[in-house]
Amino acid sequence: MIAFNCKPLSANPSVEPLVFEWDERTGAVTGPSADLVKEVAADGGVPLHPAPAWHPFGAEPLKSRADVAAIIGHLHQLPDELAADYPAVEEEAGVVEILDAEGRVVSTSDVVF
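Residue -17 is where the sequence shown starts when you use this note's numbering, and the numbers rise one by one after that.
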């Protein structure tokens, strides 16, 4: 089992540290934050940074390093043990289309953030 004590990324006082033990082989999660980790894992996915990226979980998220890293990294600092496993966000070029009253594209522009 690996023990984690992850500090919140948020200054919001309602976001408490994430403290739990995890067995990667069995997917067992124990400790003070175990119920929260299991609840998030049951949601099917979690937002990634940078927003609005999304990470869908695999069939057994608590046996996946990437899924557990995504669960932690949503609101907490990633531990060194999982930092390399945080899912990468594939950025897509955004294009804005300007339409006329009939719905025809009259111009396009690349989105720059």
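Beta carbons: idealized from backbone N, C-alpha and C, even for Gly.
The structure displayed is predicted, hence computed values, not measured ones.
Asked                                                                                                                                                                                         : Found
Need the endpoints of the beta strand (DSSP E) that Val11 sits in, please.                                                                                                                    : Ala10 to Thr12
Flag Phe(-14) as yes if its beta-carbon sits less than 8 Å from any beta-carbon of chain D, otherwise no.                                                                                     : In the displayed structure, chain D is absent; only one protein chain is listed.
Starting from the C-beta of Glu79, find all residues in its chain whose C-beta is less than 7 Å away, skip the five residues before and the five after it, and write them out in chain order. : Val87 and Thr90
Measure the Cβ-Cβ separation of Val28 and Ile53 and say whether it is below 8 Å.                                                                                                              : yes
Okay, do the stretch 19 to 27 and the stretch 39 to 51 touch, 3+ Cβ pairs below 8 Å being the bar?                                                                                            : yes
Can you tell me whether Ala83 is buried or exposed, with buried defined as 16 or more other CB within 10 angstroms of its CB?                                                                 : exposed
List the whole-angstrom C-beta distance separating Pro69 from Leu30, where the pair is believed to meet the contact cut-off of C-beta under 8 Å.                                              : 6 Å
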